[in-house]
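These notes concern the structure reproduced below.
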Amino acid sequence: MDLPFGNQTPELDVLIVGAGLSGLSSAVKILAKESTLRLRVIESNETLGGQLGENGVRFIDSEQQDMLSFLNLVQLNPRQRRSDSSSLKRCWDLDRGLTSLPAKFELNRYINMLELRMSKFRSKRFNLRERVANMEHHICQHLYFSKSRNFMLNLVEIVCGVPASEVDYDVFMSICSSCGGLNMLIDFYCNYPSSFFEISTQQLIQSILDKMHFTGITLNCKAVKVEHFKNYVQVTDDEGYKFTAEAVILAIPWNKVQKLEFVPPIPKAFLPPPAPKGRQKPHRVISQFHLGYGKSFWADLGYSGNFLNTQPMVSGHESRMSTICGYMLHSPDEQDEALETVINLLATEFGEDMRRPLECHCFTDELNVALHKPQIKPWLRIIWSSSSAVGTSYRSLMGGAVQSGVRAAVNALFVVRPQVVSWKDMLDDREKGSGERASTGILTGLFSRLNLYNVTFYSFFVLGLIWLLNLGYSRAT
Ligand SMILES: Cc1cc2nc3c(=O)[nH]c(=O)nc-3n(C[C@H](O)[C@H](O)[C@H](O)COP(=O)(O)OP(=O)(O)OC[C@H]3O[C@@H](n4cnc5c(N)ncnc54)[C@H](O)[C@@H]3O)c2cc1C
């Protein structure tokens with residue numbers, strides 16, 4: 001590839017675009033290896049943390065090793081999720097109504113079927129088979145009740161960042177397989193089990209900042225153009241200011257990478273997949289809320305604070321005593337009413353006192369899209385990062401953000417100061433096996449495919465066949 005020769009001396013060693021968890025973990029790793037490097041982080045929002053949001057709570061399980069080592073590095077101890085409310089019941093709309101039992105039954109069967117089939121999918125294998133339907137089609141083919149359908153459609157959208165009609169079955173399975181499985185994702189986004197560790201996002205960001213005392217961070221600075229020269233990269237922000245660096249880490253989700261202008265143009269291998277055929281549904285955004293009360297009103301009614309409504313999708317959990325955190329999926333025009341909708345739903349379940357929170361925060365952002373084949377290799381001096389953009393063992397989760405951030409840091413150091421990269425860093429940097437799954441037996445696989453539709457179809461088919469044989473037999477005698 002022909003790269004233009006620039007005539008500047010780069011002002012920075014490394015420029016990190018995006019101050020989400022992956023960008024910040026790159027900065028911490030680079031500084032831990034070589035504190036004298038000239039480093040800058042630019043962020044398009046007015047706050048740090050990206051998807052972590054403000055005042056939120058995040059969970060990790062003991063398998064997210066990279067995340068646990070990173071927490072150790074920034075000297076933050078995750079605490080075990082509060083378990084005194086685990087004996088109380090959850091408040092899910094799926095548990096209510098006449099159709100609740102069959103809806104939950106078919107949903108469990110469907111989830112188990114996908115989990116059983118997941119052994120065939122690998123995180124990096126996105127080889128699409130044309131005959132396989134998109135996820136909306138697949139869900140509607142296998143689930144009969146609207147509650148169970150809505151649950152799955154919402155889950156696919158949260159995990160992949162776009163409506164289920166735009167997600168191929170193979171892609172969804174590959175993504176789930178790289179996040180520890182579908183049940184694990186349901187735990188992260190809906191169940192919040194007490195076996196998880198809990199981290200306050202505010203504390204996490206603060207501990208990271210404590211490790212980055214002398215690093216320049218520019219907020220409200222959105223990268224729009226990336227020019228690749230032979231010995232450096234030049235990034236231009238939306239106000240025309242130019243940053244030059246020997247290496248650039250793009251710690252932003254892939255849908256945002258696609259919005260940047262690249263000079264020379266980005267190679268075909270990095271281009272987005274072709275848009276799906278047919279009409280596209282409008283993309284939804286996610287609002288994360290945090291509501292503090294003087295008392296846990298839900299506990300008085302016998303609820304644990306774990307809340308789920310599938311239409312509209314609102315999920316919540318008790319984080320600290322008397323505090324409820326969670327998120328809502330909605331269209332961008334409903335942004336102003338999102339918090340009101342959440343409070344109304346909570347008030348219907350837990351009483352009118354829920355309408356008067358003492359503390360109230362809401363933060364809306366786009367969903368990160370994870371639809372493309374994850375990137376691993378840098379493009380010359382441009383290094384990809386972000387949990388939804390590169391191949392990690394915990395794609396679209398915090399473990400993935402940290403793993404991608406640390407890997408990007410090692411790649412950047414390799415460009416600017418190779419002598420500080422040790423063999424240990426290279427080993428850490430290697431893609432870790434994303435939990436190869438044992439394959440299941442043929443019979444278990446076949447039984448897992450039974451659902452309300454095909455059981456009804458096969459029953460009628462067998463009964464019809466018996467009736468025809470009977471008819472033929474009685475005519476013959
Ligand atoms: C509601 C919700 C709950 C979650 N719960 C969990 C959980 O319990 N456990 C878990 O492990 N994971 C959870 N996750 C996932 C986890 O939060 C994310 O995977 C992680 O925070 C992603 O970090 P990131 O740095 O890869 O991306 P981001 O956080 O999206 O960071 C990207 C940053 O880049 C900035 N940016 C984008 N474009 C530009 C540009 N052109 N110029 C400059 N800056 C730019 C953005 O503003 C953003 O700050 C959850 C996610 C959500 C939405």
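Numbering (UniProt numbering), first residue to last: 1 to 477.
Positions of the beta carbon are idealized from the N, C-alpha and C atoms, including for glycine.
Please read all numbers here as calculations on a predicted model, not as lab measurements.
| Check | Outcome |
| --- | --- |
| Proximity test, residue 156 beta-carbon vs ligand 1 heavy atom, cut-off 8 Å | no |
| Cβ-heavy atom distance, residue 241 to ligand 2, below 8 Å | Of the ligands one can find in the structure shown, namely ligand 1, none is ligand 2. |
| Inter-residue Cα distance where the pair is residue 4 and residue 379 | 15 Å |
| Whole-Å CB distance - residue 282 paired with residue 331, under 8 Å assumed | 6 Å |
| Limits of the unbroken alpha helix (DSSP H) element including residue 286 | Per DSSP, residue 286 belongs to no alpha helix (DSSP H); it is in the beta strand (DSSP E), 285-292. |
| Secondary structure of residue 462, DSSP reduced to three states | helix |
| Continuous alpha helix (DSSP H) stretch holding residue 323: start and end | Unbroken run through residue 323 is the beta strand (DSSP E), 323-330; no alpha helix (DSSP H). |
| Test item: CB-CB of residue 395 and residue 374 under 9 Å | yes |
| Span of the beta strand (DSSP E) around residue 235 | 233-237 |
| Whether residue 215 touches residue 31 by CB criterion (9 Å) | yes |
| Assumed close pair residue 186, residue 17 - CB separation to whole angstroms, cut-off 8 Å | With 8 Å as the limit, residue 186 and residue 17 do not qualify as a contact, their Cβ atoms being about 32 Å apart. |
| Contact under 9 Å by Cβ, residue 147 with residue 100 | yes |
| Touching by the beta-carbon criterion (3+ pairs, under 8 Å), the stretch 286-293 and the stretch 359-369 | yes |
| Start and end residues, alpha helix (DSSP H) containing residue 110 | 100-117 |
| Proximity test, Cβ basis, 9 Å: residue 15 and chain B | Note that chain B does not occur in the displayed structure, where there is just one protein chain. |
| Neighbourhood of residue 242 by C-beta, 8 Å cutoff - its chain only, sequence neighbours within 5 removed | 234, 235 and 236 |
| Neighbour-count burial assignment, residue 110, 16 or more Cβ in a 10 Å radius | buried |
| Sheet register partners of residue 372 (DSSP bridge) | DSSP, once it has assigned bridges, lists no residue as partnering residue 372. |
| Minimum C-alpha distance to residue 358 - residue among 182, 316 and 294 | 294 |
| For residue 320, the three-state DSSP class (helix, strand or coil) | coil |
| Among 240, 297 and 382, the one whose alpha carbon lies nearest that of residue 266 | 382 |
| Cβ pair residue 50, residue 115 closer than 9 Å | no |
| Beta-carbon separation (whole angstroms), residue 8 vs residue 244, contact threshold 8 Å | 5 Å |
| Same chain only: Cβ atoms within 6 Å of residue 136, ignoring 5 sequence neighbours per side | 164 and 165 |
| Three-state secondary structure (DSSP) of residue 229 | coil |
| Exposure label - residue 67; buried when at least 16 CB within 10 Å | buried |
| Identified DSSP bridge partners for residue 423 | DSSP lists no partner for residue 423. |
| Anticipated Cβ contact below 8 Å, residue 159 with residue 140, distance rounded | At roughly 18 Å, the Cβ-Cβ gap does not stay under 8 Å, so residue 159 and residue 140 are not in contact. |
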